[in-house]
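Trainee:
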Amino acid sequence: MAGVVLGSLSMKTRSIWAGFLVHATVAVLMDLLALDHRHELPTRLTPDSSVRLAFPYTSAVLFGDLGASRHRPGLCFWRRHKRNAKVAL
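Sequential numbering from 1161 applies to the sequence shown in the numbering used here.
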């Protein structure tokens, strides 16, 4: 399924970079969500740092990004369809 989507994206844009960016974004988000699920996201900037950073809304931000990346193609299609319908009138 993903291969078909990335392949059609490459055919439409005539470039592999859009597919590459989608693939890389999904891979990074999956890794971050897996670390968050296991409660192993890093909380220090460096291993020797004594300062701990805590961001309580990590899950919400990551799931929001994942949802936005999945809904963006549909939104772009809807806008294009709406724009083409106005031109046809």
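Beta carbons: idealized from backbone N, C-alpha and C, even for Gly.
#1: Is the beta carbon of Thr1218 less than 8 Å from the beta carbon of Arg1212?
#2: Rounded to whole angstroms, what is the Cα-Cα separation between Trp1177 and Leu1169?
#3: In this structure, does DSSP put Val1186 in helix, strand or coil?
#4: CB-CB under 8 Å to Phe1223, same chain, minus the five flanking residues each way: which ones, in chain order?
#5: If Val1182 and Leu1166 are in contact, beta carbons under 8 Å, what's the gap, nearest whole angstrom?
#6: Within 10 Å of its beta-carbon, does Gly1163 have 16 or more other beta-carbons around it, so buried, or fewer, so exposed?
Mentor: This is what the structure holds:
#1: no
#2: 10 Å
#3: helix
#4: Leu1193
#5: 7 Å
#6: exposed
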